[in-house]
Amino acid sequence: MKTVPFALSEGVLNLPAAVQDHSINVLKFADATLVITRAWDVPAGDEEKYLSQQLGKIKRNMKKVVLSEVADSNIAGIPAREVALRFENQHVMVYEKLAVARVDDHLLAFTLSRMQPFDADGDAFWTAIKAGLQPGG
């Protein structure tokens with residue numbers, strides 16, 4: 154049986170080739186959290202609809218939501234759509250940047266959350282994260 158390597162922090166797990174990655178990765182930094190998710194059920198051309206649905210969920214579930222305009226961006230050179238937002242969650246203001254890109258047959262979403270507004274250092278950190286992806290099979 155052919156296997157496909159799947160990288161974990163603890164090592165590489167060899168899995169049957171038929172696997173489809175639906176994982177959610179939560180990566181903690183000193184002053185931020187990066188969440189990486191995948192959406193397999195979004196047809197090509199429906200990326201804006203998906204992004205609108207995700208933002209709608211935030212508007213319904215959080216308080217004091219403020220969104221920037223959705224803008225063109227990229228994740229490691231892959232065309233993406235990006236939005237900056239802030240909202241109140243349990244009386245704490247959260248600041249986020251969200252970028253969504255189509256990678257082959259699914260969407261890849263990066264969400265960086267902080268407890269303080271994005272400044273030059275925060276923006277540089279976000280840019281480095283998006284540039285840090287090395288696409289590949």
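Just so you know, the sequence shown maps onto residues 154 to 290 in this note's numbering. Don't be surprised by glycine CBs; every beta carbon is placed ideally from N, CA and C.
In this structure, W193 sits near H259, with a CB-CB distance shorter than 8 Å. Counted as a single uninterrupted DSSP element, the alpha helix (DSSP H) harbouring E200 occupies residues E200 to N214. The straight-line gap separating the alpha-carbon atoms of L286 and I231 is approximately 10 Å. S266 is bridged by DSSP to T186 and E249. Residue range A273 to A284 is occupied by the alpha helix (DSSP H) that includes K283.
According to the DSSP assignment, P158 belongs to the beta strand (DSSP E) that extends over T156 to L161. The DSSP-derived three-state label of G164 is strand. About 6 Å separates the Cβ atoms of A229 and P288, confirming a contact at the 8 Å cut-off.
By the C-beta density criterion, L180 is exposed, having fewer than 16 other C-beta atoms within 10 angstroms.
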